[in-house]
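Enquirer:
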Amino acid sequence: MAAKSGYTRPRPLAEDAAPPPPSAVLYVANCGPAVGVTDADVRAAFGAFGEVAGVQAADNSGARVIVRFHEPAAAEAAIAALHGRPCDRLAGRVLHIRYSVPVKPKALPGGSLPVALAASELGIPGIYMVEEFVTAAEEQELLAAVDSRSWKSLAKRRVQHYGYEFLYETRNVDSKQFLGELPAFISIVLEKIASFPGLKKCTTRLVDQLTVNEYPCGVGLSPHIDTHSAFEEMIFSLSLAGPCIMEFRKYPKGSWRAPSVVNGADEHTSQEPECIRKAIFLPSRSMLLMSGEGRYAWHHYIPHHKIDDVGGRVIKRNSRRVSFTFRKVCPALLISRHS
Ligand SMILES: O=C(O)CCC(=O)C(=O)O
Ligand SMILES: [Fe+2]
Numbered sequence: 188m189a190a191k192s193g194y195t196r197p198r199p200l201a202e203d204a205a206p207p208p209p210s211a212v213l214y215v216a217n218c219g220p221a222v223g224v225t226d227a228d229v230r231a232a233f234g235a236f237g238e239v240a241g242v243q244a245a246d247n248s249g250a251r252v253i254v255r256f257h258e259p260a261a262a263e264a265a266i267a268a269l270h271g272r273p274c275d276r277l278a279g280r281v282l283h284i285r286y287s288v289p290v291k292p293k294a295l296p297g298g299s300l301p302v303a304l305a306a307s308e309l310g311i312p313g314i315y316m317v318e319e320f321v322t323a324a325e326e327q328e329l330l331a332a333v334d335s336r337s338w339k340s341l342a343k344r345r346v347q348h349y350g351y352e353f354l355y356e357t358r359n360v361d362s363k364q365f366l367g368e369l370p371a372f373i374s375i376v377l378e379k380i381a382s383f384p385g386l387k388k389c390t391t392r393l394v395d396q397l398t399v400n401e402y403p404c405g406v407g408l409s410p411h412i413d414t415h416s417a418f419e420e421m422i423f424s425l426s427l428a429g430p431c432i433m434e435f436r437k438y439p440k441g442s443w444r445a446p447s448v449v450n451g452a453d454e455h456t457s458q459e460p461e462c463i464r465k466a467i468f469l470p471s472r473s474m475l476l477m478s479g480e481g482r483y484a485w486h487h488y489i490p491h492h493k494i495d496d497v498g499g500r501v502i503k504r505n506s507r508r509v510s511f512t513f514r515k516v517c518p519a520l521l522i523s524r525h526s
């Protein structure tokens, strides 16, 4: 448990490490309610050296306290008189006293990577994001539709596939298993995709495969590039039920080792090579388009976080995020497998 005082034990001193700098705050061991010493006893013992500003538990042991003086000189005098010596005012108890150090604030996951709120800020060619792509009512309808169908459980998330089955072992589609046309409940999304800003009018279908992913809070997706030979250039991903951060990584040529894929868990364990990292915030109901360089040359990754740091704002992930990823299977794959 973190000390409520905001101060903690200095790290054990290595032979050559500098001790914590003198201050008005002391870390006192062998002292506290668990060893029969009350706050009032501590105040009385340390008050002999200067005014005590506060006494607080250093941790939940009950045997270590933080004593704060107003003046560093009082703390110095208390150490000189009491450290390692029997204390008369505490019935001869021997205290172990050092200067305390402030508790380091826990860094938020994601480090200091700035998170773009718009694709134009991200600056990756081919990545576009449209907010409020579907309405809140459409979002509810889409969620209800997938929740009324059966989910397939992977190690950490649940999925549904439409159009063609996706095989996680090979990161490819099973072109032999045509699951039927995309279901009617997503026609509203397909219509909107056809008029995605900036897209040229297309006479053929833009997408024919849909993967629905349901991520519980704290679950993400390891860095990957959707298989070049399996899917055409444009990949659309609609975020529903909750936001997340998507990170993009560009690795120097030849440095990337693919993650191991086990039942869709796709945890990657290898040491991270140096890479360029960029991140974008994907709010609920937003649509992301990955195309061109952003689709072919950058890995995309959803960090396994429960909270995301977006420009200093802490954004909690919802109990789940459901994404609809629309892709078009490469026609060559279908012809070669069917023939
Ligand atoms: O959940 C998402 O938005 C992305 C899913 C994805 O990258 C994939 O299924 O390949
Ligand atoms: Fe992907």
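According to our numbering, the sequence shown is numbered sequentially starting from 188.
Note that CB positions come from ideal geometry on N, CA and C, so glycine has one too.
1. Do D226 and ligand 2 come close, with the Cβ less than 7 Å from some heavy atom?
2. Kindly list the residues whose CB is nearer than 6 Å to the CB of F431, restricted to its own chain and excluding five residues on each side of it in sequence; keep chain order.
3. What do you reckon, are the CB atoms on A428 and N505 nearer than 8 Å?
4. Please state the DSSP three-state secondary structure of S248.
5. Hey, how far is the Cα of E238 from the Cα of A342?
6. Does ligand 1 have a heavy atom nearer than 7 Å to the CB of H487?
7. Could you check where the beta strand (DSSP E) with E258 kicks off and where it finishes?
8. Would you give the residue range spanned by the beta strand (DSSP E) that I422 belongs to?
9. Report, in whole angstroms, the separation of the C-beta atoms of P209 and E263, which I expect to be a contact under 8 Å.
10. Measure the C-alpha to C-alpha separation of V580 and L408 and round it to an integer number of angstroms.
11. So, with DSSP's three-state summary, where would you put V376?
12. Could you pull out every residue in the same chain whose Cβ sits closer than 7 Å to the Cβ of K130, ignoring the five residues on either side in sequence?
13. Check each candidate in A323, I502, S416, M421 and name the one with the smallest Cα separation from L520.
14. Cβ of Y351 within 8 Å of Cβ of L369?
15. Taking A261 as the reference, which of E419, A232, A331, D228 has the closest Cα?
16. Can you list, in chain order, the residues of its chain with a C-beta nearer than 8 Å to that of F132? Leave out the 5 residues immediately preceding and following it.
17. Could you tell me the distance, in whole angstroms, from the CA atom of A216 to the CA atom of R358?
18. So what does DSSP say about H455, is it helix, strand or coil?
19. Quick one: Cα of F372 to Cα of L309, how far?
20. Quick check on the DSSP output: the beta strand (DSSP E) that includes A216 runs from which residue to which?
21. Out of T322, E356, M316, which has the shortest C-alpha to C-alpha gap to M477?
22. Mind checking A240: buried by the 16 CB within 10 Å criterion, or exposed?
23. Write down the C-beta distance between Q347 and V290 rounded to the nearest angstrom, noting that I regard them as a contact closer than 8 Å.
24. Quick check on G385: buried or exposed, where buried means 16 or more other Cβ atoms within 10 Å of its Cβ?
25. Once the 5 residues before and after A250 are set aside, which same chain residues still bring their CB inside 8 Å of it?
26. Quick one: does the C-beta of N400 sit closer than 7 Å to a heavy atom of ligand 1?
27. Within 10 angstroms of its Cβ, does K465 collect 16 or more other Cβ (buried), or is it exposed?
28. Given a threshold of 16 other Cβ atoms within 10 Å of its Cβ, counted over all protein chains shown, does G481 qualify as buried or as exposed?
Expert: The structure says:
1. Residue 226 sits at position 39 when you count from the first residue of the sequence shown. D226 Cβ: outside cutoff for every heavy atom of ligand 2.
2. For the purposes of this step, residue 431 is taken as the residue at position 244 of the sequence shown. The sequence given here has Cys at residue 431, not Phe. Taken in chain order, the residues that qualify are L469, I489, R508.
3. Within the sequence shown, the letter at position 241 stands for residue 428. Within the sequence shown, the letter at position 318 stands for residue 505. It is a contact, given that the beta carbons lie within the stated cut-off.
4. Position 61 of the sequence shown, counting from 1, holds the residue named residue 248. S248: coil per DSSP, three-state reduction.
5. Position 51 of the sequence shown, counted from the first residue, corresponds to residue 238. Position 155 of the sequence shown, counted from the first residue, corresponds to residue 342. About 58 Å.
6. For the purposes of this step, residue 487 is taken as the residue at position 300 of the sequence shown. H487 Cβ: within cutoff of ligand 1.
7. Against the sequence shown, residue 258 aligns to sequence position 71. Bounds of any beta strand (DSSP E) do not take in E258, whose DSSP letter is neither H nor E.
8. Within the sequence shown, numbered from 1, the residue matching residue 422 stands at position 235. Looking at the DSSP string, the run of the beta strand (DSSP E) that includes I422 is 422 to 427.
9. Numbered from its first residue, the sequence shown carries residue 209 at position 22. Numbered from its first residue, the sequence shown carries residue 263 at position 76. Confirmed, Cβ separation roughly 6 Å.
10. The question about residue 580 has no answer here: the residues shown for the chain are numbered 188 through 526.
11. Against the sequence shown, residue 376 aligns to sequence position 189. In this structure, V376 counts as helix in the three-state DSSP scheme.
12. Here the chain comprises residues numbered 188 to 526, so residue 130 is not present and cannot be evaluated.
13. Taking the sequence shown and counting its residues from 1, one reaches residue 520 at position 333. Across the set A323, I502, S416, M421, the C-alpha of S416 shows the shortest separation from the C-alpha of L520.
14. Taking the first residue of the sequence shown as 1, we reach residue 351 at position 164. Taking the first residue of the sequence shown as 1, we reach residue 369 at position 182. Not in contact: Y351 and L369 (Cβ atoms no closer than 8 Å).
15. Residue mapping note: residue 261 aligns to position 74 of the sequence shown, counting from 1. Closest by alpha carbon: A232.
16. As displayed, the chain neither begins before 188 nor continues past 526, which places residue 132 out of reach and without an answer.
17. In the sequence shown, the residue the question calls residue 216 occupies position 29. In the sequence shown, the residue the question calls residue 358 occupies position 171. When rounded, the distance between both Cα atoms is 56 Å.
18. Indexing the sequence shown from 1 puts residue 455 at position 268. Its pLDDT being 44, under 50, H455 is placed unreliably in this model, and the value from its coordinates should be taken loosely. Looking at H455 - three-state DSSP - the assignment turns out to be coil, as it is neither helix nor strand.
19. Numbered from its first residue, the sequence shown carries residue 372 at position 185. Numbered from its first residue, the sequence shown carries residue 309 at position 122. Cα to Cα, F372 sits roughly 32 Å from L309.
20. Numbered from 1 along the sequence shown, position 29 holds the residue referred to as residue 216. Looking at the DSSP string, the run of the beta strand (DSSP E) that includes A216 is 212 to 216.
21. Residue mapping note: residue 477 aligns to position 290 of the sequence shown, counting from 1. Measuring from the Cα of M477, the nearest candidate turns out to be M316.
22. Along the sequence shown, one-based indexing puts residue 240 at 53. Here A240 is exposed: its Cβ has fewer than 16 other Cβ atoms, across all protein chains shown, within 10 Å.
23. Locating residue 347 in the sequence shown gives position 160, where the first residue counts as 1. Locating residue 290 in the sequence shown gives position 103, where the first residue counts as 1. Not a contact, Cβ separation roughly 45 Å.
24. Within the sequence shown, numbered from 1, the residue matching residue 385 stands at position 198. Exposed, since its Cβ has fewer than 16 Cβ neighbours within 10 Å.
25. Position 63 of the sequence shown, counting from 1, holds the residue named residue 250. If you ignore the 5 residues before and after A250, its C-beta comes within less than 8 Å of the C-beta of A216, N217, C218, G219, A221, V222, all in its own chain and listed in chain order.
26. Locating residue 400 in the sequence shown gives position 213, where the first residue counts as 1. Yes, Cβ of N400 sits closer than 7 Å to a heavy atom of ligand 1.
27. Here the question's residue 465 lines up with position 278 in the sequence shown. By the neighbour-count criterion, in which a residue is buried when 16 or more other Cβ atoms sit within 10 angstroms of its Cβ, K465 is buried.
28. Against the sequence shown, residue 481 aligns to sequence position 294. By the neighbour-count rule (16 or more Cβ atoms within 10 Å), G481 is buried.
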